[in-house]
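Chemist: Just so you know, the sequence shown maps onto residues 1 to 353 in the UniProt record's numbering. Glycine residues also receive a C-beta, built at the ideal position from the N, C-alpha and C atoms. Pasting a structure below so you can have a look.
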Amino acid sequence: MKVAEMRMLRWICGLTRGDRVRNETIREKVGVTPVVCKMREVRLSWFGHVKRRGMDAPVHRCERLALDGFRRGRGRSKKYWGEVIRRDMEQLQFTEDMTLDRKELSVPPSFYSRVINCASMEVLQSYLLWRQTECHIGNQYNTCLWKLVFSGKSEKEAKEILKLARSSINSMDTCHLSLAKAFLENVATKRFWNNHSCLTEELGSLTEGINKIKPEYLRSFQFESSLMLSTWIVVRVDGCRFHRFCEDNGFQKPNDEQALKLMNSCAVSLLEMFKDIIFAYGVSDEYSFVLKKDSLLYQRWSSKIVSAIVSLFSSMYVMKWKEFFPEEFKEPPYFDGRSVCCPSSEILRDYLS
């Protein structure tokens with residue numbers, strides 16, 4: 001590869017081996033990077049996104065990426081490539097005492113939340129069992145089932161594999177069947193609960209374990225309070241402990257121009273992401289978002305609407321902070337929210353004013 005490359009470069013420059021011109025001089029003249037340097041750049045790009053963890057973790061990650069493509073008996077040995085990777089990592093100043101750096105977010109995260117009232121230990125026990133079961137089944141379906149379908153299996157075949165295989169399901173890009181056993185214990189059992197003293201001290205002990213959820217409990221867990229139909233929905237996002245936050249970050253009084261621009265930028269992002277928001281109005285550290293009358297966003301469930309908007313606003317505030325302030329914030333900002341229904345435009349106007 002290297003010989004062929006140099007022959008081509010000499011031909012381009014009109015040179016022959018008899019001219020006795022060094023290879024480095026020819027490359028500088030043509031402006032071509034040596035193949036060895038290009039290969040090194042590729043190796044670095046393999047683990048450049050792996051942040052600064054302990055020395056072994058990035059090495060094993062790189063070895064999986066680089067070495068899986070080589071068949072046994074062809075190319076360089078695994079030991080050779082491992083040494084190459086370690087040498088490149090030393091040049092990047094990876095050390096064992098480095099902790100995981102925060103990766104920049106490309107998309108702002110948002111979350112849903114709900115409040116579940118559990119009147120007794122039995123209800124709480126049933127809720128924990130329900131959530132554990134729902135999350136485990138959902139994780140199997142979303143991470144493993146469709147990975148099997150994408151690999152060429154039919155949906156029926158993939159479901160049969162899930163039934164037969166006792167597998168560890170993770171959220172990585174691949175599904176490893178029967179390679180490692182995940183710890184999965186029923187959190188609603190008496191054994192698990194009573195073995196953790198912090199639970200018994202705060203909430204009390206369980207008298208017996210359960211393996212099945214009563215239908216009436218399940219209906220109460222799935223119940224959602226919906227906002228009144230044909231009304232304007234106003235979601236107000238309000239900064240929590242923002243007086244202290246402003247002092248810690250040196251905001252100018254009474255209103256910091258950059259801070260207001262940051263709030264406006266976050267509001268614009270929400271208007272772009274939630275098409276049902278038709279109007280937004282902000283004052284100081286709060287913002288009100290008005291959803292159209294016929295909005296069916298999240299089936300008009302109050303908890304989902306409020307939590308999604310508040311969490312997305314908080315995420316945008318953190319992500320956009322560097323665009324308006326040169327220094328990092330001292331403590332992370334956070335917001336609360338509430339929803340209000342306005343039956344008429346007059347009531348909506350009075351509320352906003």
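Just the Cα atoms here: how many angstroms apart are K292 and P333?
Modeler: The straight-line gap from Cα to Cα measures roughly 29 Å.
Chemist: Helix, strand or coil: how does DSSP classify S339 here?
Modeler: strand
Chemist: Look up F242 in the DSSP assignment and say whether it is helix, strand or coil.
Modeler: helix
Chemist: Given a threshold of 16 other Cβ atoms within 10 Å of its Cβ, counted over all protein chains shown, does G239 qualify as buried or as exposed?
Modeler: buried
Chemist: Would you call the CB atoms of L270 and L296 closer than 8 Å?
Modeler: no
Chemist: DSSP three-state label for E286, please.
Modeler: strand
Chemist: Please list, in chain order, all residues of the same chain as V107 whose beta carbon is under 8 Å from its beta carbon, the five residues on each side excluded.
Modeler: So the list is empty, once near-sequence residues are dropped.
Chemist: Looking at the unbroken alpha helix (DSSP H) that takes in L271, where does it start and where does it end?
Modeler: It spans 257 to 273 - the alpha helix (DSSP H) in which L271 sits, taken as one unbroken run.
Chemist: What three-state label does DSSP hand A280 in the structure shown?
Modeler: strand
Chemist: Assuming contact is defined by CB atoms lying nearer than 8 Å, are G282 and V310 in contact in what I supplied?
Modeler: With respect to V310, G282 sits apart: the two C-beta atoms are not nearer than 8 Å.
Chemist: Expressed to the nearest angstrom, what Euclidean distance is found between the alpha-carbon atoms of F242 and F251?
Modeler: Approximately 10 Å, taken between the alpha carbons.
Chemist: Applying the criterion that 16 or more other CB atoms from any shown protein chain within 10 Å of the CB defines a buried residue, is Y112 buried or exposed?
Modeler: Under this definition Y112 is an exposed residue.
Chemist: Give a yes or no on whether the C-beta atoms belonging to E208 and K190 are separated by under 8 Å.
Modeler: yes
Chemist: Express the C-alpha separation of S120 and M127 in angstroms, rounding to a whole number.
Modeler: In the sequence on display, residue 127 carries Tyr and not Met. Answer to the nearest angstrom: the Cα atoms are 11 Å apart.
Chemist: Is T133 buried or exposed, if buried means 16 or more other CB atoms sit within 10 Å of its CB?
Modeler: Answer is exposed; the Cβ neighbour count stays below 16.
Chemist: Please report the straight-line C-alpha distance between D350 and P343, rounded to a whole angstrom.
Modeler: Put simply, the backbone Cα of D350 is about 12 Å away from that of P343.
Chemist: Would you call the region 272 to 286 and the region 319 to 330 touching, i.e. three or more CB-CB distances under 8 Å?
Modeler: Because the criterion of three Cβ pairs below 8 Å is not met, the region 272 to 286 and the region 319 to 330 do not touch.
Chemist: Is it buried or exposed, C135, if we count other Cβ atoms within 10 angstroms and call 16 or more buried?
Modeler: exposed
Chemist: Looking only at its chain, what residues have a beta carbon closer than 8 Å to the beta carbon of K214, apart from the 5 residues adjacent to it on each side?
Modeler: S126
Chemist: Taking DSSP as the reference, what is the three-state secondary structure of I309?
Modeler: helix
Chemist: By Cβ distance below 7 Å, which residues in the same chain neighbour V306 in space, the five residues on each side in sequence not counted?
Modeler: Result list for V306: V235, G337, R338, S339, in chain order.
Chemist: Taking the C-alpha atoms as reference points, what is the distance between E346 and L352?
Modeler: Cα to Cα, the separation comes out at about 10 Å.
Chemist: Going by C-alpha to C-alpha distance, which of F335, S265, T25, N117 sits closest to F223?
Modeler: N117
Chemist: Counting C-beta neighbours from all protein chains within 10 Å, is the total for L105 16 or more, i.e. buried, or is it exposed?
Modeler: exposed
Chemist: Is residue 354 helix, strand or coil when you go by DSSP?
Modeler: Limits of the chain in this structure are 1 at one end and 353 at the other, which puts residue 354 out of reach.
Chemist: Keeping to the same chain, check which residues put their C-beta closer than 8 Å to that of F335; ignore five residues upstream and five downstream.
Modeler: V237, D238, G239, C240, V310, F313, S314, Y317
Chemist: Which of helix, strand or coil does DSSP assign to R114?
Modeler: coil
Chemist: R300: buried (16+ other C-beta within 10 angstroms of its C-beta) or exposed?
Modeler: The Cβ neighbour count for R300, taken over all protein chains shown within 10 Å, is at least 16; the residue is labelled buried.
Chemist: Using the Cα positions of W321 and Y298, report the straight-line distance between them to the nearest angstrom.
Modeler: Answer to the nearest angstrom: the Cα atoms are 29 Å apart.
Chemist: Keeping to the same chain, check which residues put their C-beta closer than 6 Å to that of R114; ignore five residues upstream and five downstream.
Modeler: Cβ neighbours of R114 beyond the five flanking positions: S303.
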